[in-house]
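Colleague:
Residue numbers (my numbering): 75 to 236.
1. What separation, rounded to the nearest whole angstrom, lies between the Cα atoms of residue 216 and residue 103?
2. If you draw a straight line from the C-alpha of residue 131 to the C-alpha of residue 142, how long is it?
3. Helix, strand or coil: which one does DSSP assign to residue 187?
4. Quick one: residues in its chain with C-beta nearer than 7 Å to the C-beta of residue 85, no 5 flanking neighbours on either side, listed in chain order?
5. In angstroms, rounded to a whole number, what distance separates the CA positions of residue 167 and residue 160?
6. Would you identify the three-state DSSP class for residue 214, choosing helix, strand or coil?
7. Looking at the structure shown, is residue 161 part of a helix, part of a strand, or coil, going by DSSP?
8. DSSP has residue 95 in a bridge; who is on the other side?
9. Between which two residues does the alpha helix (DSSP H) holding residue 135 run?
10. What's the gap between the Cα of residue 202 and the Cα of residue 225?
11. Thinking just about the alpha-carbon of each residue, which of 153, 115 and 229 is nearest to the one in residue 174?
12. With a Cβ-Cβ cutoff of 7 Å, do residue 230 and residue 99 count as a contact?
What follows is the structure, given as structure tokens:
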């Protein structure tokens, strides 16, 4: 069961433009991955509350799928993401036009326990990252990633418990 004081660990990957955190979740990787590949569930996970909903996209993501997301970071806007990496129950990455890449890596620790790392790679965007409404707000993004992982933990553990 989810510990109400659960926290994700901020991970320093040696580059201020690669923002990452991880958490252990008492659920099989398959349960967690199933949540992540449903873009309509992303607002449930997003602790920053910037994800406002899905405008267009498939029910379940696969490699090369695109999905359009309604966002709000100060102002309302939308972004189209494309799935660029997809390894079932292990890894999913999507990127948008500016190049920012969001990755979830799942490492099974046991059949019912999984380490999940979420990473926002702003480095992949190069100079275009400065065009983003959240550019240079690295600490806020790190905290949001960590809080989002706690939300994912709660959802996945609840679903795994049945």
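All C-beta atoms in this analysis are idealised placements derived from N, C-alpha and C, irrespective of residue type, glycine included.
Modeller: Judging by the given coordinates:
1. If I take the Cα positions, the gap works out to 23 Å.
2. About 6 Å.
3. Residue 187 falls in the strand class under three-state DSSP.
4. Within the same chain, residue 85 has close Cβ partners 94, 95, 96 and 191.
5. For residue 167 and residue 160, the gap between their C-alpha atoms comes out near 7 Å.
6. Correct three-state label for residue 214: helix.
7. Looking at residue 161 - three-state DSSP - the assignment turns out to be strand.
8. Here residue 95 is bridged, per DSSP, to 84 and 192.
9. Here residue 135 belongs to no alpha helix (DSSP H), and DSSP marks it neither H nor E.
10. The predicted position of residue 202 is uncertain, since its pLDDT is 48 and thus under 50; a value taken from the coordinates is nonetheless stated next. Rounded to whole angstroms, residue 202 to residue 225 spans 30 Å at the Cα level.
11. Cα-wise, what sits closest to residue 174 is 153.
12. Yes; because the gap between Cβ atoms is below 7 Å, this pair is in contact.
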